Amino acid sequence: MYICLCKNVKCHEIRQCVHEGADNLREVSQCLGVATQCGKCAKDAKQIVKEAKQER
Ligand code: FES
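Position in the sequence shown (first residue = 1) + 780 = our numbering.
This is the structure we're talking about:
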């Protein structure tokens with residue numbers, strides 16, 4: 781499922797990024813570009829980061 785339409789970032793890509801060591805949305809943004817355009821996805825992306833961190 782796409783989370784960030786501006787940058788074509790999917791939910792699983794965010795999770796993978798966190799599993800590989802990204803600790804917060806800023807770090808995920810640096811590798812995927814998520815939430816760097818309109819910002820509408822930031823809230824959902826943040827939630828996914830939070831959940832993925834708990835899975836590590
Ligand atoms: Fe992610 Fe626009 S939907 S920046």
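Glycine residues also receive a C-beta, built at the ideal position from the N, C-alpha and C atoms. A quick note: this is a predicted structure, and the numbers were derived from the prediction, not measured.
Bridge-paired residues (DSSP) for residue i
i	result
K790	Y782
Counted within 10 angstroms of its Cβ, other Cβ atoms place residue i as buried (16 or more) or exposed
i	result
C821	buried
E800	exposed
L805	buried
C818	exposed
L785	exposed
Limits of the unbroken alpha helix (DSSP H) element including residue i
i	result
D803	D803 -> no alpha helix (DSSP H), and no H or E assigned at all.
V829	822–835
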